[in-house]
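S.K.: Those sequence lines, one after another, are chains A and B.
Just so we're aligned: 14 in this note's numbering is position 14 of the first sequence, and the numbers increase by one with no gaps anywhere.
Just so we're aligned: 169 in this note's numbering is position 169 of the second sequence, and the numbers increase by one with no gaps anywhere.
Even glycine gets a Cβ: it sits at the ideal position worked out from N, Cα and C.
Provided herewith is a single structure, encoded as structure tokens, for subsequent inquiry.
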Amino acid sequence: MSFASTTRIPVSGLTKHIGALGKAREFGILVALALVVTAATAKNPAFLFSPDGWRDLLLTPSILVLVAVGQAFVIITRNVDLSVGSVMGLSAYLTGRLFIDVPGIPIPVVVVLAVLFGAVLGLINGALVAFARVPAMVITLGTLYAYRGINVMWAGSSRVNASDMPREFLALGTGQILWIPVLSIVAVLVLAAAAWYMRNTRGGREYYAIGSDPAAAELYGLAVTRRVLTAFILSGALAGLAGVFYAARYGSVSSQAGAGWELDAVGAAVIGGVAITGGVGTVWGAAIGAVLLMTINRALPILGIPDFWQRAVVGVLIIGAIVLDRWLAVRQRQRLIEARDES
Amino acid sequence: MTTATPAASTASVRTTRDFDKPLWRRLLLTRETAIVALLLFVVIVSAVTVKGFAQPITVNYLLLDIAPILLIALPMTLVMITGEIDLSVGSMVGLASVVTGVAVEAGMPFEAAALLALFVGVVGGAVNGFLVTVVGLPSLAVTIGTLALFRGLAVGLLGTTAVTDFPEAWTALAKAKIAGTTIPYITVPFLILLAIFAIVLHFTPFGRGIYAIGLSKDAARFSGVHVERTKFILFVVAGLVSAFAGIYYTLRFGSARGDNATGLELQVIAAVVLGGVSVFGGRGQLYGVVAAALLIGTLSSALRLANVTSDVINIITGVLLVLSVVAASVLAWLQKARTRPARPPHPAAVTAP
């Protein structure tokens, strides 16, 4: 908020940064996450302090983090990608089939192929949305069905089992480097790259500009079509990567893998402060939202609440988050009006 | 949604231009007519080629299966014409089903339990309506939240158990056929609701206000339409009808479970959009939506009888949905290209499958 700095007494860089951190929307979600972890740990120390608990805490959310980051890209451009669950399931199944059908295929090749496959599925979404100028919700609702249908037709009632995949690949799913699971490290690297891109580059800022006002962005000469297309490709590619993770983590992939994840991904982004109306939010927020969702899922049984209530808690969280965002936006507007009237 | 502005402007241009065309073109060359024609085509082709499709029993199962979709599509059409959306309907079906089950299990007579479920539907719809109209939140986000919330309450109340002892008379009624035909009784309340919705939407100021809101909220407000009140009422009605569909669902399968009707919201929205309702609001007809719901149902039952795996219907639903919206914008683009030949063609729009 540069307008305030002209009237305020200059503060040191560090204080300003800490102040900004406290004011950031993501901070509230982080506090909520810390509270959940603390409460669960107080009840059962194994939640955080046992090797398994620690590993699960980091490992379980990393798949949803990837999908939510991709979703954040799309939502920031004022679109939505409902097909991510189906894309993820399809790439997870592709991963398994590649290991079965091409014996001895190197793992990196499989990862690259699955990510590319996801990107192609995302490209189909993006091309339909960007070129045909139709609402993303309808298109991705259609491809949600279509991709899932292809998956079911391809897989039938068969499933890929852990025994079909090489041991080294499955070791990726559970392996750790210095007590940190490999998958979580990959997820954090992807997240950091995405966050840097969205915050610091011209391209990243253009996504926000498009989401804030598509018509203005077009008039200003931004490549709206190309950006929207890229957002969908990124979302598809990340869902593809999440599919590889899914196969590595769970070892068994049926045709229903990832069903319903689209709502978790949108929910995670919304909880993390990405406004569904576009132009607002960060990928960090979406990622923290994803971690919060998955952690609550595991913490509820420990806190003595049957995990049947998990979805209800998620619903309350989503509604709470958007009400909070609305309140913050209204307050911000009032403050801006006051600042204008004073000057 | 990126494209809200250009699409809205082409839509408004097109409605005014519609009156330049002769009457028969305005009546026959519409989205709704295309869907009805496609429905008739599918029915005739399946009756000729698919063995067993022409039997009356097919109609019975078809109507029983798609009754919840048909029922909920009515209020959903109205909600979507105002430019809003309600994703929580499937969860409300589940919640109403569970509430009925829990109340019956607690010793309440079925009739009272059903009323309680309808009341829950009204309350749930009011929650959606309150958050959208009073707090001013986007309905997509709100109803994703209540989708999780209502489903969570449903699953939380019953866990993995199911309630199955409902009065025989009622479960039989849900599946009963109208004497002498193979048409199930559920079509009677549906037809009554259809008549009410059609009259309200097409022949009352309230209904015309719904279109006005979808075309331009501000213009509607300035011309005296109660925008917030209208939307609130529509969300409440959507909750109420979903709850009714939930009671029917419970009786039809004789069991109340937390995961009843999971994913129904997407099927309903698919039917509504396929039926020609614009997601931007302001455009759509009830008969198109009913035809689209019947089309999806007919296709799936014909394919099932033809021993095609029922999963192919997912692909067909998806592709139909995508094609229906893409076709509209390609047609609009072609029309524009014809009237303004100076503009160089946009190659991408043609190649888009």
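Excluding the five sequence neighbours on either side, which residues of its own chain have a C-beta within less than 8 Å of the C-beta of methionine 1 of chain A, listed in chain order?
M.R.: Residue confidence is low: methionine 1 of chain A scores 43 on pLDDT, short of 50, so the model does not pin down where it sits. No coordinate-derived value is stated.
S.K.: Starting from valine 344 of chain A, follow the alpha helix (DSSP H) in both directions and report where the run begins and ends.
M.R.: Because chain A in this structure spans residues 1 to 343, residue 344 of chain A falls outside the shown range and cannot be described.
S.K.: Take threonine 174 of chain A as the anchor and find which of A:Thr60, A:Val36 and A:Thr41 has the nearest alpha-carbon.
M.R.: A:Thr60
S.K.: From proline 167 of chain B to glutamate 111 of chain B, what distance separates their C-alpha atoms?
M.R.: 10 Å
S.K.: Between glycine 236 of chain A and alanine 192 of chain A, what straight-line distance do the alpha-carbon atoms span, to the nearest angstrom?
M.R.: Those two C-alpha atoms are separated by around 18 Å.
S.K.: How would you list, in chain order, the residues of chain A whose beta-carbon sits under 8 Å from the beta-carbon of valine 188 of chain B?
M.R.: Within 8 Å Cβ-Cβ: nothing; valine 188 of chain B doesn't reach chain A, min ~31 Å.
S.K.: CB arginine 227 of chain A to CB tyrosine 207 of chain A, shorter than 9 Å?
M.R.: yes
S.K.: For the putative contact between tryptophan 309 of chain A and glycine 85 of chain A, defined by C-beta atoms under 8 Å, what is the C-beta separation to the nearest angstrom?
M.R.: Between glycine 85 of chain A and tryptophan 309 of chain A the Cβ distance is about 22 Å, and since that is not below 8 Å, they are no contact.
S.K.: Strictly under 9 Å for the Cβ-Cβ distance: is alanine 40 of chain A near chain B by that measure?
M.R.: no
S.K.: For the segment 277–290 of chain A, which residues have a CB atom closer than 7 Å to at least one CB atom of chain B, in sequence order?
M.R.: Along the segment 277–290 of chain A, the positions whose C-beta sits under 7 Å from a C-beta of chain B are Thr277, read in chain order.
S.K.: Quick one: does alanine 132 of chain A have its CB under 9 Å from some CB of chain B?
M.R.: yes
S.K.: Is the beta carbon of valine 134 of chain B within less than 8 Å of some heavy atom of the ligand PLP?
M.R.: Within the structure as shown, the ligand PLP is missing, as the structure has no ligands at all.
S.K.: Hey, out of A:Ala248, A:Trp154 and A:Arg97, whose CA is closest to leucine 170 of chain A's CA?
M.R.: A:Ala248
S.K.: Rounded to the nearest angstrom, what separates phenylalanine 117 of chain A and phenylalanine 253 of chain B at their Cα positions?
M.R.: 40 Å
S.K.: Output needed for glutamine 334 of chain A: all residues of its chain with C-beta closer than 8 Å, excluding positions within five of it in sequence on either side, in chain order.
M.R.: Beyond the five residues adjoining it in sequence on each side, glutamine 334 of chain A comes within less than 8 Å, by CB distance, of no other residue in the same chain.
S.K.: Since leucine 263 of chain A meets chain B, which of its residues come closer than 9 Å, beta carbon to beta carbon?
M.R.: Leu87, Ile144, Leu147 and Ala148
S.K.: Just to confirm my understanding: we take isoleucine 337 of chain A, look at its own chain, exclude 5 residues before and 5 after, and list those with CB closer than 6 Å. What are they?
M.R.: none
S.K.: Going along chain E, which residues have a C-beta under 9 Å from proline 306 of chain A?
M.R.: Among the protein chains in the structure shown, which are A and B, there is no chain E.
S.K.: What is the residue span of the alpha helix (DSSP H) that proline 106 of chain A lies within?
M.R.: Element bounds for proline 106 of chain A: n/a, residue is neither H nor E.
S.K.: What number of angstroms, rounded off, separates the C-alpha of serine 212 of chain A from the C-alpha of proline 75 of chain B?
M.R.: 31 Å
S.K.: Put threonine 5 of chain B into one of helix, strand or coil per three-state DSSP.
M.R.: Unreliable positioning characterises threonine 5 of chain B in this predicted model, as indicated by a pLDDT of 43, which lies under 50. A coordinate reading is not provided.
S.K.: Taking the runs of the beta strand (DSSP E) that are 3 residues or longer, which of them lie wholly in the segment 108–140 of chain A?
M.R.: Listed in chain order, nothing qualifies, since the segment 108–140 of chain A has no complete beta strand (DSSP E) run of 3 or more residues.
S.K.: Can you give me the Cβ contacts of glycine 204 of chain A inside the same chain, cut-off strictly under 6 Å, excluding the 5 residues immediately before and after it?
M.R.: Tyr197 and Met198
S.K.: Excluding the 5 residues preceding and the 5 following alanine 329 of chain A in the sequence, name in chain order all residues of the same chain whose CB lies nearer than 7 Å to its CB.
M.R.: Setting aside the 5 residues that flank it on each side, alanine 329 of chain A has no residue in the same chain whose C-beta is closer than 7 Å to its C-beta.
S.K.: Which residues of the segment 139–155 of chain A have a Cβ closer than 8 Å to any Cβ of chain B? Give them in chain order.
M.R.: Ile139, Leu141, Gly142, Thr143, Leu144, Tyr145, Ala146, Tyr147, Arg148, Gly149, Ile150, Val152 and Met153
S.K.: Assuming isoleucine 183 of chain B is part of the alpha helix (DSSP H), what are its boundary residues?
M.R.: Counting along the chain, isoleucine 183 of chain B falls outside any alpha helix (DSSP H), and DSSP gives it neither H nor E.
S.K.: Do you know how far the Cα of leucine 263 of chain A is from the Cα of isoleucine 144 of chain B?
M.R.: 7 Å
S.K.: Phenylalanine 280 of chain B versus chain A: which residues are under 9 Å apart at the beta carbon?
M.R.: Simply Pro135.
S.K.: Do leucine 229 of chain A and leucine 66 of chain A have their beta-carbon atoms positioned less than 9 Å apart in this structure?
M.R.: no
S.K.: Would you mind sorting aspartate 218 of chain B into buried or exposed? The rule is 16 or more other CB atoms within 10 Å of its CB.
M.R.: exposed
S.K.: Run down chain A in chain order and give the residues with a C-beta less than 9 Å from the C-beta of threonine 317 of chain B.
M.R.: Per Cβ cutoff of 9 Å: Gly142, Tyr145, Ala146 and Gly149.
S.K.: Output yes if chain A places a C-beta closer than 9 Å to the C-beta of proline 68 of chain B; else output no.
M.R.: no
S.K.: Nearest-angstrom Cα distance between arginine 283 of chain B and isoleucine 210 of chain B?
M.R.: 10 Å
S.K.: With a threshold of 9 Å between beta carbons, is leucine 336 of chain A in contact with chain B?
M.R.: It does not; no Cβ of chain B falls within 9 Å.
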